[in-house]
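**Student:** In the working numbering, the protein residues as written are 92 to 235.
#1: What number of angstroms, rounded off, separates the C-alpha of residue 180 from the C-alpha of residue 173?
#2: Measure the alpha-carbon distance for residue 162 versus residue 113 and round it to whole angstroms.
#3: Is the beta carbon of residue 196 less than 7 Å from the beta carbon of residue 225?
#4: With DSSP run on the structure shown, which of helix, strand or coil describes residue 232?
#5: Considering only the alpha carbon of each residue, which of 198, 103, 96 lies closest to residue 190?
#6: On the three-state DSSP scale, how would you describe residue 129?
#7: Compare the beta carbon distance of residue 169 and residue 186 with 7 Å and say whether it is the shorter of the two.
#8: Here's a check: name, in chain order, each residue in its chain whose Cβ is nearer than 6 Å to the Cβ of residue 221, leaving out the five neighbours to either side.
#9: For residue 93, which of 205, 231, 229 has the nearest alpha-carbon?
#10: Run through the segment 142-193 for me and flag every whole beta strand (DSSP E) of 3 or more residues, listed as ranges in chain order.
#11: So is residue 164 buried or exposed if we call it buried at 16+ other beta carbons inside 10 Å?
And the structure:
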């Protein structure tokens with residue numbers, strides 16, 4: 092089972108970062124490449140089983156289901172339901188971990204897929220989604 096990992100370290104308190112990224116329904120508020128999302132059936136975005144859908148030009152382009160949301164642990168995980176790539180069981184996790192000088196934001200994923208798909212996933216999700224979002228957080232908070 093391949094693992095995808097992108098991280099950034101920031102010189103700010105973990106709770107400061109978590110206050111921005113904790114909303115499962117608010118990814119687009121801090122990530123520059125993610126379209127707006129809405130919760131299906133007005134679900135609570137902190138309750139496992141809640142599904143967010145991303146909408147572009149009135150069309151749903153992706154759906155993800157919340158698996159875990161731990162406010163005190165500063166983490167949540169979710170499953171990508173509508174997978175654009177030939178992988179299965181794509182489970183992602185975003186977390187904020189304290190460090191001596193601030194915090195580390197980790198965005199990880201595991202999935203089932205052949206070796207030939209790993210570079211595609213690394214680029215599509217790792218570089219073009221996770222890294223872009225982490226860079227946006229660094230731009231927002233670094234040097235504060």
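Where a beta carbon is used, it is the ideal one built from N, C-alpha and C, also for glycine.
**Tutor:** So, to answer that:
#1: If you number the chain shown from 1, residue 180 lands on position 89. If you number the chain shown from 1, residue 173 lands on position 82. Spanning the two alpha carbons is a distance of roughly 11 Å.
#2: Position 71 of the chain shown holds residue 162. Position 22 of the chain shown holds residue 113. Approximately 7 Å between the Cα atoms of the pair.
#3: In the chain shown, the residue the question calls residue 196 occupies position 105. In the chain shown, the residue the question calls residue 225 occupies position 134. It is a contact, given that the beta carbons lie within the stated cut-off.
#4: On the chain shown, residue 232 is found 141 positions in, with the first residue counted as 1. It is helical.
#5: Start at 1 with the first residue of the chain shown, and residue 190 comes out as number 99. The residue with the shortest Cα to Cα distance from residue 190 is 103.
#6: Stepping through the chain shown from its first residue, residue 129 is reached at position 38. Three-state result, residue 129: strand.
#7: Here residue 169 refers to the residue found at position 78 of the chain shown. Here residue 186 refers to the residue found at position 95 of the chain shown. Not in contact: residue 169 and residue 186 (Cβ atoms no closer than 7 Å).
#8: Position 130 of the chain shown, counted from the first residue, corresponds to residue 221. 97, 198, listed in sequence order.
#9: Locating residue 93 in the chain shown gives position 2, counting from the first residue. Residue 205 is the option with its Cα nearest to residue 93.
#10: You should have 142-147, 150-161, 166-171, 179-190.
#11: Numbered from its first residue, the chain shown carries residue 164 at position 73. Residue 164 should be labelled exposed.
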